[in-house]
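Protein chains: 2
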Amino acid sequence: MHDHSVHVQCGDCPIRHRAVCARCETDELGRLEQIKYYRSFQAGQTIIWSGDRMEFVGSVVTGIATLTQTMEDGRRQMVGLLLPSDFVGRPGRSTAAFDVTATTDLVMCCFRKKPFEDLMSTTPHIAQRLLEMTLDELDAAREWMLLLGRKTAREKIASLISIIARRDAALHVRRTSGMLSVDLPLTREEMADYLGLTLETVSRQISALKKDGVITLEGNRHVSIPDLDRLLEEAGDDSDGGMLV
Amino acid sequence: MHDHSVHVQCGDCPIRHRAVCARCETDELGRLEQIKYYRSFQAGQTIIWSGDRMEFVGSVVTGIATLTQTMEDGRRQMVGLLLPSDFVGRPGRSTAAFDVTATTDLVMCCFRKKPFEDLMSTTPHIAQRLLEMTLDELDAAREWMLLLGRKTAREKIASLISIIARRDAALHVRRTSGMLSVDLPLTREEMADYLGLTLETVSRQISALKKDGVITLEGNRHVSIPDLDRLLEEAGDDSDGGMLV
DNA sequence: GGCGATCCTTGACCCAGATCAAGAGACGAG
DNA sequence: CTCGTCTCTTGATCTGGGTCAAGGATCGCC
């Protein structure tokens, strides 16, 4: 692991307008810039262990990380998927509640916890943005509870694909020639851990969705979606997402 | 429904030190006091419908409410249990994402949304406390994801009982003669909706825990716990809650 | 080009929990 | 006291997804 510090100016940062710093004015950004530092992690590396003392907080700049919980007997549940701009760590708490693991090579923009907390108390724009992001995550977690508690395996897979499609549509704004397509950033096993299934069931349901023409696969990580509405219907989500009347 | 306004002074409020106002100084409390109003709801009454415009936010003062999601075909998942001091509503969002329902008679301390948001932007203590509470709820939601995704029916029931025991221990500090006991504030069906089970399975697993001496029942809502460690073990939680070395 | 190491797919079988069904308490209204 | 309405329990049966097992793809490395 080489912790080479690519020193990017905050103004040029790819996540400038979505991360915890999104609302900062130029001068506030300057103060953040003084205390930030970059860290790189390799795919597969654990960033934070549950129960560990948290030395830093920060934002995912590039790459993907997961938040997981494990029971003593090895049962695992993924409880969060961290994409670029997502925040890691919890100001006001000293130990981590969950494992954070890089699933791809990853770069984080870090702040030592204490200086960040100090800055937060004097910079309302940071606290405001963090509250907003935390409320969004809470809503997302509650959506996920519906999935885990009540959806069928097929609905779970369809939901996961549509969520990943939505999230990286928001990030990349890539729409290759009208046809929506997504790279799954997770192995079958990781998907299973996210969805509360086994990897065999994940594999079977992906095959079933493919057979039924809901998705097509190129390689086993790249998914194309010929008809997004069809996929959303399979996901069992309220069509038109609660936009009533 | 009688909306009789019991006008309690904030200083005497039972949730003064746990609710969103917990960190406020006397003068800040005064400003909150000016815009607050009380509303009562009957058991069973829906407080907010998912998708509705949210006119107010507020704190549960007494009673219990639930946060639920429903799919078109009627499958339900409870995604939150709101006890006294818990906050309802989301500053910065105009429509509700989930149904909020009173399961007992309930009193809320409400604020119209706009004035509350204005006050929040000038009173960092409110925003700070709300962030803290939201982060706690997010952690709780993630714990719940492990339960929904990976625990067995028996573990789910044991977890629910121990969570309710812990939460109202924190609230009441009642320890009747050493033996821990709890009133379940939910029907079997509501428990099922919370745990991602059917009511029959809930009933069967409660009977099984009773047969095995993990709990005893007086009536079917009142549970006594002869041995809390035994219950926690049945819940499958890390014993000693991650306090390693 | 062969050889591991991963990761993924598919089949056969099984079981925890869902579903269907019947009744037992508990309790308020008349 | 009786009736109706909830809520809860228990039994019988079914099934979606778990478990166990056997390969197949893909890829990097020697």
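Chains A and B supply the protein sequences, listed in that same order.
Numbering of the first sequence is given in the numbering used here, commencing with residue 1184 and proceeding in unit increments.
Numbering of the second sequence is given in the numbering used here, commencing with residue 1184 and proceeding in unit increments.
Glycine is no exception: its CB is placed at the ideal position from the N, C-alpha and C atoms.
Would you say residue i faces chain A, with C-beta separation under 7 Å as the test?
i: R1337(B); result: no
i: G1272(B); result: no
i: E1417(B); result: no
i: A1310(B); result: yes
i: R1258(B); result: yes
i: H1185(B); result: With a pLDDT of only 43 at H1185(B), under 50, the local geometry of the prediction cannot be trusted, and the value read off the model is given with reservation. No, no contact with chain A.
Go through its chain and collect everything with a Cβ distance to residue i's Cβ below 6 Å, but skip five positions before and after it.
i: T1306(A); result: E1211
i: E1300(B); result: P1274
i: S1304(B); result: none
i: L1215(B); result: C1204
i: C1207(A); result: H1308
i: A1202(B); result: S1242, S1268
i: T1399(B); result: S1407
i: S1364(A); result: S1407
i: L1265(A); result: V1243, A1248
Buried or exposed for residue i, please, with buried defined as at least 16 other CB atoms from any protein chain shown within 10 angstroms of its CB.
i: D1395(B); result: exposed
i: T1284(A); result: buried
i: G1213(A); result: exposed
i: T1209(A); result: exposed
i: T1286(B); result: buried
i: A1375(A); result: buried
i: G1332(B); result: buried
i: K1297(B); result: exposed
i: D1420(B); result: buried
i: P1267(A); result: buried
i: E1255(A); result: exposed
i: G1402(B); result: exposed
i: S1277(A); result: exposed
i: A1310(A); result: buried
i: G1272(A); result: buried
i: Q1192(B); result: exposed
i: S1390(A); result: exposed
i: G1257(A); result: exposed
i: G1246(A); result: buried
Determine whether the Cβ of residue i lies closer than 7 Å to any Cβ atom of chain B.
i: V1262(A); result: yes
i: M1254(A); result: yes
i: L1369(A); result: no
i: G1396(A); result: no
i: L1354(A); result: no
i: L1331(A); result: yes
i: R1349(A); result: no
i: R1236(A); result: no
i: A1248(A); result: no
i: S1188(A); result: The predicted position of S1188(A) is uncertain, since its pLDDT is 49 and thus under 50; a value taken from the coordinates is nonetheless stated next. It does not; no Cβ of chain B falls within 7 Å.
i: G1241(A); result: no
i: A1280(A); result: yes
i: G1275(A); result: yes
i: G1425(A); result: In this prediction, G1425(A) scores a pLDDT of 39, lower than 50, which makes its location untrustworthy; no coordinate-derived value is stated.
Tell me whether residue i counts as near the ligand ZN, meaning its Cβ is closer than 6 Å to at least one heavy atom of that ligand.
i: G1263(B); result: The model on display carries no ligand, and the ligand ZN is accordingly not part of it.
Excluding the 5 residues preceding and the 5 following residue i in the sequence, name in chain order all residues of the same chain whose CB lies nearer than 7 Å to its CB.
i: A1418(B); result: E1338, A1341, S1342, S1345
i: R1236(A); result: S1277, T1278
i: A1336(B); result: L1380, T1384, Q1388
i: L1382(A); result: R1371, E1372, A1375
i: I1198(B); result: S1242, V1244, P1267, S1268
If the criterion is Cβ atoms closer than 7 Å, does the pair residue i and residue j meet it?
i: C1292(B); j: K1219(B); result: yes
i: M1328(B); j: V1240(A); result: no
i: T1317(B); j: T1317(A); result: yes
i: A1226(A); j: D1288(A); result: yes
i: L1354(A); j: R1404(A); result: no
i: D1322(A); j: A1280(B); result: yes
i: Y1377(A); j: V1290(A); result: no
i: L1411(B); j: V1397(B); result: no
i: T1249(B); j: R1259(B); result: no
i: L1314(A); j: L1302(B); result: no
Suppose the cutoff is 8 Å on Cβ atoms and the five residues either side in sequence are ignored; what does the same chain contact list for residue i look like?
i: M1362(B); result: S1407, I1408, P1409
i: W1232(B); result: A1279, D1282
i: S1386(B); result: R1371
i: R1295(B); result: I1218, E1238, F1239
By the 8 Å beta-carbon criterion, what residues does the stretch 1314–1329 of chain A contribute toward chain B?
Residues L1314, E1315, T1317, L1318, E1320, L1321, D1322, A1324, R1325, E1326, W1327, M1328, L1329.
Could you please tell me which residues of the stretch 1372–1386 of chain A, in chain order, have their CB closer than 9 Å to any CB of chain B?
Of all residues in the stretch 1372–1386 of chain A, D1376, Y1377, L1378, G1379, L1380 have a Cβ within less than 9 Å of some Cβ in chain B.
Using a Cβ cut-off of 9 Å, which residues of the stretch 1195–1224 of chain A contact any Cβ in chain B, in chain order?
Those would be none; no residue qualifies.
Give the residues from the stretch 1288–1307 of chain A that approach chain B closer than 7 Å (Cβ to any Cβ), ordered along the chain.
Flagged, chain order: P1307.
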